[in-house]
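Protein chains: 2
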Amino acid sequence: MPEPKQSKASPVMADTDIAIVRIAPETSFKNKAYEALKEAILKMDIYATPEPVMLDERALSERLGVSRTPIREAIAMLEQDGFVKTVPRRGIVVVRRSKAEIVDMIRAWAALESMAARLITTTARKKDITALRDFFKDFGPDRLPQDHVEEYSKANIAFHQALIALSESPVLVDLTNDLLLHVRGYRQLTIGRKDRTATSLPEHLGMIEALEARDTELAEKRARDHTLGLAAYVEAHGHELFT
Amino acid sequence: MPEPKQSKASPVMADTDIAIVRIAPETSFKNKAYEALKEAILKMDIYATPEPVMLDERALSERLGVSRTPIREAIAMLEQDGFVKTVPRRGIVVVRRSKAEIVDMIRAWAALESMAARLITTTARKKDITALRDFFKDFGPDRLPQDHVEEYSKANIAFHQALIALSESPVLVDLTNDLLLHVRGYRQLTIGRKDRTATSLPEHLGMIEALEARDTELAEKRARDHTLGLAAYVEAHGHELFT
DNA sequence: TCGTGGTATTTGGTATGCCAAAAATCTAAG
DNA sequence: CTTAGATTTTTGGCATACCAAATACCACGA
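The listed protein sequences derive, respectively, from chains A and B. In this text, residue positions in the first sequence follow our numbering: the first is 1, and each later residue adds one. In this text, residue positions in the second sequence follow our numbering: the first is 1001, and each later residue adds one.
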């Protein structure tokens, strides 16, 4: 039987099987629980109380209206993410990161972002690079970032994510997003701090300039140094935030 | 009640509660299943057959002698790792990485390792850096790596892991280990290839020299370029390995 | 022979129930 | 009032049963 073509014999079967995609299998309870718990954990201020924050499977299953099974699977996933840790026969505790861990994560972030910058200089389109400036178009000499810390902090995060996305590297995007989620728990206390905000904007613009100039080494260096600066800042001034 | 001190009243209770760590709660079936499945997945050659490799919950639970519950939790964890993907009502499929994905992962690895190199130049002890040479003590002009590819490949991996560990950055260590696990699926086909092995050893020695010299920029550059070289190699010669 | 419709089977998803370890609470001896 | 000891409660770990979707299989009819 020499190559049965690809037609399946049925001559009346129109081969214009257009746009028929798999019907959306509404996400499972497991995934819903995962998303819900993840959001809840990220939203809470883990450092508000000195006692560790505990989760209770049964209470969660009641609150979410599902049985313990999908809850437990979601917990297992969150544990892989490093957001919680379950201690056998004791409970599920929301992980609190030490200052050293946060600094460490920011360093890894710096590594990944500098690689993203490197890639961007060789592959991204000029207009996409230039578009990065838009994130800061609401700020300038007459509207200083340090006077609108919260707003600038949002723009800051969005800028970094957009930048890394330009690398067109799914791995870099995913890894940095994961790190960001962990680091962001402190955003209101660190990333948006006034004294650092002042130097942040010029550094960002410098990064964009290097990218536009296709200066691989310089772009990489500026991206790295900028984020390493944040790491150093947290290391130096973050002690007050950790108990 | 004014501050009941911290003593619990018992005066005979020695406060030298030394080195009493929580008794090992023999790892759960969930974790055992996770480890077992992970190892099995890493060991199998996913690219041997054109059809996707499927896993069956019930079959696994029977083979491992546990119920489906811990199996499912382990699967959920593996899915977070990106090793498998469960399709509702269809099955659990072992993820096959495309060449582009592997190259992407190696680039991220390069980013992390170059940051590790940077950190090492400022914190690691000289003797620990020098000790990195030991991984290659069995190779030299009279015993070329390309004549013992398998053995050199092992030393290669061990070297990189030891190097990154010297950074004393848990995040860098964990992230690179995760990436390594995914990339290593191709080790027998790519990392150990003769033509690349020849240039690998000198580059490694160059990295060590830069570290010993505490030349931060050079060490970072050499680490990055070395691993980016692997990425470029896989991108150029890897097509034959992916179906 | 081919295809059509229906039925049995497979497979992941979810709900429940029970178990043992650990903690919290209670009780009774000193 | 203190505390050792027993008891109850809480909590995560695990096994099991059932469900619905998807598939595989099969018989019947053109």
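Positions of the beta carbon are idealized from the N, C-alpha and C atoms, including for glycine.
Who are VAL93 of chain A's beta bridge partners in DSSP? A:MET54 and A:LYS85
Counting only the same chain and skipping the five closest in sequence on each side, list residues whose C-beta sits under 6 angstroms from that of GLU62 of chain A. none
List the DSSP bridge partners of GLY206 of chain A. DSSP output for GLY206 of chain A lists no bridge partner at all.
Along chain A, which residues have their Cβ under 7 angstroms away from the Cβ of GLN1080 of chain B? MET77, GLN80 and ASP81
Taking 8 angstroms as the limit between beta carbons, can you name the residues of its chain near VAL1094 of chain B, skipping five residues before and five after? ILE1041, MET1044, ILE1046, PRO1052, VAL1053, MET1054, LEU1055, PHE1083 and VAL1084
Indicate the three-state DSSP secondary structure (helix, strand or coil) for GLY140 of chain A in the structure shown. strand
Output, in chain order, the set of chain B residues within a Cβ distance shorter than 9 angstroms of MET207 of chain A. Chain B residues near MET207 of chain A: none, gap ~16 angstroms exceeds 9 angstroms.
Given that ARG1072 of chain B touches chain A, what residues does it touch there, using C-beta distances under 7 angstroms? GLU73
Over the uninterrupted alpha helix (DSSP H) stretch that includes PHE159 of chain A, give me the two end residues. 149-166
Does MET54 of chain A come within less than 7 angstroms of chain B when only Cβ atoms are used? no
Roughly how many angstroms lie between the CA atoms of ARG68 of chain A and ARG58 of chain A, to the nearest whole one? 6 angstroms
Assuming LYS179 of chain A contacts MET115 of chain A (C-beta within less than 8 angstroms), just tell me the rounded distance between them. A small fix is needed here, since residue 179 of chain A is Leu in this sequence, not Lys. Actually they are not in contact, since the Cβ atoms of LEU179 of chain A and MET115 of chain A sit about 13 angstroms apart, beyond 8 angstroms.
Nearest-angstrom Cα distance between ARG133 of chain A and LEU1112 of chain B? 27 angstroms
Which residue wins for smallest C-alpha separation from GLU220 of chain A, given the options A:MET207, A:ILE75, A:ARG97 and A:GLU212? A:MET207
Name the residue from A:ILE92, A:ILE75 and A:HIS148 whose alpha carbon lies nearest to the alpha carbon of PHE136 of chain A. A:HIS148
My guess is that LEU211 of chain A and ILE120 of chain A are in contact by the Cβ rule of under 8 angstroms, so how many angstroms apart are they, rounded? 5 angstroms
Exposed or buried, what is PRO1088 of chain B when buried is set at 16 or more other beta-carbons lying within 10 Å of its beta-carbon? exposed
What residues of chain A sit near VAL1171 of chain B, judged by a beta carbon separation below 7 angstroms? ASP104, MET105 and ALA108
Assign GLU26 of chain A to one of three DSSP states: helix, strand, or coil. coil
Please work out which residues of its chain come closer than 6 angstroms, Cβ to Cβ, to GLY192 of chain A, disregarding the five sequence neighbours upstream and downstream, and give them in chain order. Low local confidence applies: a pLDDT of 48 at GLY192 of chain A is under 50, so the model's placement there is unreliable, with the coordinate-based value given in what follows. VAL149 and SER153, listed in sequence order.
I'd like to check one pair, VAL66 of chain A with ALA231 of chain A: are the Cβ atoms closer than 7 angstroms? no
Residues of chain A with CB under 8 angstroms from ALA1232 of chain B, in chain order? Simply none; closest approach about 12 angstroms.
Does the distance from the CB of ALA108 of chain A to the CB of VAL1171 of chain B come in under 7 angstroms? yes
Does the separation of the CB atoms of THR197 of chain A and PRO141 of chain A fall below 7 angstroms? no
Same chain only: Cβ atoms within 8 angstroms of ILE1075 of chain B, ignoring 5 sequence neighbours per side: LEU1037, LEU1055, GLU1057, VAL1084, THR1086 and ILE1092
Alpha carbon to alpha carbon, what distance is there between GLU1079 of chain B and GLU1235 of chain B? 26 angstroms
Between ARG1224 of chain B and ASN31 of chain A, what straight-line distance do the alpha-carbon atoms span, to the nearest angstrom? 37 angstroms
Which of helix, strand or coil DSSP assigns to LYS1005 of chain B: The predicted model places LYS1005 of chain B with a pLDDT of 35, which falls under 50 and marks its position as unreliable, so this point remains unresolved.
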